[in-house]
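Taken in order, these protein sequences are the chains called A and B. Position in the first sequence (first residue = 1) + 15 = the numbering used here. Position in the second sequence (first residue = 1) + 15 = the numbering used here. Read through the structure below, which is laid out as structure tokens, and then see the notes.
Number of protein chains: 2
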Amino acid sequence: MTKPLISLAALLALSAPAAAQEEAPEYPSPNQIVAEAPLEQWVEIPPEDLVVMRLAPEADGTERKVIIQLMPAPFSQSWVQNIRTFARSGWFDDITVNRVQDNYVVQWGDANYDNPESTGEPKQLPEGLIPTKEDDYTVSGDAIGLSTLMADSVRDLALEADSFIASDDHTAAVIIANGLVDPYAQLSLFHAGWPLASNMGSDAEGEPAHVWPIHCYGMVGVGRNLSPDAGTGAELYTVSGHAPRHLDRNIALVGRIVEGMEHLTSLPRGKGQLGFYEDPAKRVPILTVRVASDLPEGERPAFEYLSTDGEAFARYADARANRRDPFFNVPAGGADICNIPVPVRRILD
Amino acid sequence: MTKPLISLAALLALSAPAAAQEEAPEYPSPNQIVAEAPLEQWVEIPPEDLVVMRLAPEADGTERKVIIQLMPAPFSQSWVQNIRTFARSGWFDDITVNRVQDNYVVQWGDANYDNPESTGEPKQLPEGLIPTKEDDYTVSGDAIGLSTLMADSVRDLALEADSFIASDDHTAAVIIANGLVDPYAQLSLFHAGWPLASNMGSDAEGEPAHVWPIHCYGMVGVGRNLSPDAGTGAELYTVSGHAPRHLDRNIALVGRIVEGMEHLTSLPRGKGQLGFYEDPAKRVPILTVRVASDLPEGERPAFEYLSTDGEAFARYADARANRRDPFFNVPAGGADICNIPVPVRRILD
């Protein structure tokens with residue numbers, strides 16, 4: 016009867032100060048794993064790949080700045096280069112946010128372009144734009160070192176494994192969840208900080224493996240007209256709702272928003288078709304769009320992402336798929352790739 | 016040399032008036048399929064299951080009304096009944112929207128409840144609340160007629176089929192996509208107008224099949240403290256970003272927003288931890304919350320959903336998974352269940 020129902024060691028653990036318990040939780044949350052990731056697992060984003068978009072301030076004078084990270088090679092480089100050309104020629108200055116469709120996209124561009132209701136003239140495109148083509152919505156798996164053999168073997172391993180694994184071949188930097196099954200592709204993976212999907216091996220027509228960026232929340236894509244038009248990069252949108260993955264391979268993705276997303280997602284929804292603003296006065300002016308490397312050093316933002324090839328990211332992704340921190344009772348045992356956002360943060364001085 | 020490159024019939028088709036072509040597209044869009052669905056495939060939502068939440072008007076006087084559909088039996092009925100009790104006792108009146116976290120949730124409740132920084136007193140809970148328990152986050156598959164055998168055979172059929180199929184046994188109303196694989200569950204399905212997930216058969220411990228509602232965009236759930244607390248229904252949130260499916264089976268889901276979602280999603284994001292407003296003045300007052308059946312007939316909203324057991328829904332879901340309307344080049348060949356939102360619309364007089 017006097018036998019304690021709980022051991023002395025357990026009692027001591029229970030009576031430890033709350034702060035100490037918080038410092039060493041048994042199962043850290045995904046955010047804790049990211050916060051504690053070693054500095055060497057963070058990768059600085061080249062300032063040439065960062066774009067600073069200044070919206071008109073809010074009614075109360077609050078500044079609104081949106082920062083976009085452009086995709087690196089081998090993805091979408093014709094559009095990415097065009098976006099730098101648009102920014103450097105000042106073409107983007109004074110365009111507007113024209114479309115805010117709930118649970119879908121926020122879109123900005125020249126409101127007079129291809130707009131039968133507009134009374135103004137569309138802007139003249141700048142010189143030096145690169146032609147774009149639909150074939151470049153995807154790239155060969157070889158371009159990121161994703162050989163068919165490797166993709167197959169990594170997938171086999173992933174299906175067998177109890178948790179996330181990193182590939183041995185760091186040139187490909189593939190990390191796959193056990194249970195990271197994807198209704199939209201045979202394989203989903205992270206490479207060099209980006210979420211991608213692939214058809215892995217050859218398809219029914221014997222086509223080799225292809226790989227493509229995917230429409231997760233915050234990704235930035237290129238508006239276009241009907242095929243074969245592939246858009247120039249003048250008209251851009253960001254995903255502001257549940258991942259519309261049916262757009263994958265149908266539109267060029269060129270980057271993602273790494274800061275200031277809330278300035279776009281909290282805008283009033285458009286009441287016209289597809290969420291376009293019916294009243295031109297509702298459009299939000301974009302004052303300037305600049306490539307970060309063109310800004311004076313003091314105004315240049317600096318960002319880094321958590322390497323998707325490192326141990327910390329593997330643990331983070333595993334924790335996103337299997338939440339065991341105190342709030343959770345049942346770990347999911349898997350995750351949608353768009354529910355594992357790649358951590359990106361400002362580099363503070 | 017004079018042989019036409021295109022047949023006369025094709026030329027005639029091409030020269031048909033644009034309007035006629037639009038009336039009979041070869042591949043209708045998902046929205047077109049819904050618009051053309053026969054009236055008998057729409058199911059009226061009982062007014063007892065609709066809740067009207069009036070927010071304070073916008074600065075310019077614009078009314079903000081949010082309409083929530085509560086989940087029917089056998090799901091979450093203790094919380095659902097409590098929500099009716101909160102509404103009927105006037106308890107919800109004058110609570111506030113306290114948390115707006117980008118790409119996650121918008122949450123409302125009593126700002127003085129469990130808030131160490133608050134100076135006010137929390138509201139007294141009304142009488143007649145039903146105790147809630149974690150076990151009710153899921154229900155037995157039998158409760159919706161989802162026998163293990165049936166789930167297995169339906170899944171086998173789905174994996175073989177080229178397109179969406181409806182079950183023969185309409186008591187279960189299961190529709191599954193070929194390729195509707197789910198990283199979070201063995202099976203995802205629609206039942207009686209709701210997206211659900213299931214572990215299908217028995218798990219490693221021999222537990223029988225369970226089924227549960229899932230965290231898609233617009234779903235409404237019940238805030239709670241740490242386990243074993245399961246929340247009363249006083250504190251509610253809606254999903255305002257990419258589906259946070261890791262919350263499935265960890266929180267009670269009680270409904271979804273069927274109109275006015277944009278009034279919540281376009282609110283300014285909170286700058287405090289977890290997106291709570293740091294400045295109490297930013298909280299948005301909720302004026303009244305009423306069960307639709309309690310409103311005078313003239314003010315009572317009426318809504319209907321597209322039966323998830325019908326032929327039109329099967330075609331709609333298939334078209335969501337395989338977009339072939341003119342904008343699209345590559346159909347996805349599958350879809351995430353949260354990317355197939357169940358169509359709900361107002362019944363017009």
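Backbone N, C-alpha and C fix where the C-beta goes; we use that ideal spot for every residue, glycine too. None of the values given here were measured: they were computed from a predicted structure.
Checklist entry - Distance, Cα to Cα, H230/A vs E142/B? => result 47 angstroms
Checklist entry - Listing by chain order, which chain B residues have their CB less than 8 angstroms from the CB of A258/A? => result H257, D351 and N354
Checklist entry - Rounded C-beta distance between A267/A and W94/A? I'm assuming under 8 angstroms. => result 5 angstroms
Checklist entry - Short check: CB of Y331/B to CB of V357/B, under 7 angstroms? => result no
Next on the checklist: Under 7 angstroms, CB to CB, which of the residues in the region 266-297 of chain A have a partner in chain B?
Outcome noted: M276, E277, T280, S281, L282, P283 and R284
Checklist entry - So I355/B and R335/B are in contact, right, with Cβ under 8 angstroms, and what is the actual spacing, rounded? => result 5 angstroms
Checklist entry - When the Cα atoms are used, what is the spatial distance from F107/A to T134/A? => result 19 angstroms
Item to check | Own chain residues within Cβ distance below 7 angstroms of V299/B, not counting five before or after | outcome: L70, A71, T111, V112 and L282
Item to check | P198/B beta carbon less than 7 angstroms from that of A350/A | outcome: yes
Checklist entry - Hey, does N344/A have any beta-carbon neighbour from chain B nearer than 7 angstroms? => result yes
Checklist entry - According to the neighbour-count rule (16 or more other Cβ atoms, all chains shown, within 10 Å of its Cβ), is Q116/B buried or exposed? => result buried
Item to check | Spatial distance of L54/B from V120/A (CA atoms) | outcome: 31 angstroms
Checklist entry - Can at least three beta-carbon pairs, one atom from the region 320-329 of chain B and one from the region 301-312 of chain B, be found at a separation below 8 angstroms? => result no
Checklist entry - Tell me, which residues are paired with L70/B by DSSP? => result R79/B and I301/B
Item to check | Assigned exposure category for E50/B - 16 Cβ within 10 Å defines buried | outcome: Before going on, a small fix: residue 50/B reads as Ala here, not Glu. The residue in question, A50/B, is exposed, as its Cβ has fewer than 16 Cβ neighbours within 10 Å.
Item to check | CA-to-CA distance, Q84/B to I272/B, given in whole angstroms | outcome: 6 angstroms
Next on the checklist: List, from N- to C-terminal side, the beta strand (DSSP E) runs of 3 residues or more that fit wholly inside the region 242-285 of chain A.
Outcome noted: 251-254 and 268-274
Next on the checklist: So that I know if they touch, is there some Cβ in chain B lying closer than 7 angstroms to that of A188/A?
Outcome noted: The pLDDT assigned to A188/A is 32, lower than 50, so where the model puts this residue is not dependable; a value taken from the coordinates is nonetheless given after this. Answer no: the Cβ-Cβ gap between A188/A and chain B never drops below 7 angstroms.
Checklist entry - Is DSSP giving G290/B helix, strand or coil here? => result helix
Next on the checklist: DSSP three-state label for G156/B, please.
Outcome noted: helix
Checklist entry - Between N265/B and N265/A, which are expected to be in contact by the criterion C-beta below 8 angstroms, what is the C-beta distance as a whole number of angstroms? => result About 34 angstroms; that fails the 8 angstroms criterion.
Checklist entry - Which residues in the same chain as G365/A place their Cβ atom closer than 6 angstroms to its Cβ, once the five residues preceding and following it in sequence are excluded? => result Nothing about residue 365/A can be read from this structure; chain A reaches only from 16 to 364.
Checklist entry - How would you list, in chain order, the residues of chain A whose beta-carbon sits under 7 angstroms from the beta-carbon of S242/B? => result N344
Checklist entry - Name the residues in the region 132-150 of chain B whose C-beta lies less than 7 angstroms from a C-beta of chain A; which are they? => result E149
Checklist entry - Could one say the Cβ of M165/A lies closer than 7 angstroms to chain B's Cβ atoms, at least one of them? => result Note that M165/A scores 49 on pLDDT, short of 50, meaning its location in the model is unreliable and no value can be drawn from it.
Checklist entry - Hey, does P210/A have any beta-carbon neighbour from chain B nearer than 7 angstroms? => result no
Checklist entry - What residues in the region 115-131 of chain A bring their beta carbon closer than 9 angstroms to a beta carbon of chain B? => result V115, D117 and N118
Checklist entry - Is the CB-CB distance between P243/A and E149/A below 7 angstroms? => result yes
Next on the checklist: From the DSSP secondary-structure annotation, give me the bridge partner or partners of T147/A.
Outcome noted: Answer is none; T147/A lacks a bridge partner.
Next on the checklist: By alpha-carbon positions, which one of D125/A, M86/A and W227/A ends up nearest to T153/A?
Outcome noted: W227/A
Checklist entry - When you compare only the Cα positions, how much space is there between P146/A and L289/A? => result 27 angstroms
Next on the checklist: With H, G and I counted as helix, E and B as strand and the rest as coil, what does DSSP make of L140/A?
Outcome noted: coil
Next on the checklist: Is the beta carbon of R315/A closer than 7 angstroms to that of P61/A?
Outcome noted: no
Item to check | L85/A in three-state terms, based on DSSP | outcome: strand
Checklist entry - Could you check where the beta strand (DSSP E) with R382/B kicks off and where it finishes? => result Given a span of 16 to 364 for chain B in the structure shown, any question on residue 382/B remains unanswerable.
Next on the checklist: I'd like to know whether the C-beta of A245/B is nearer than 7 angstroms to at least one C-beta of chain A.
Outcome noted: no
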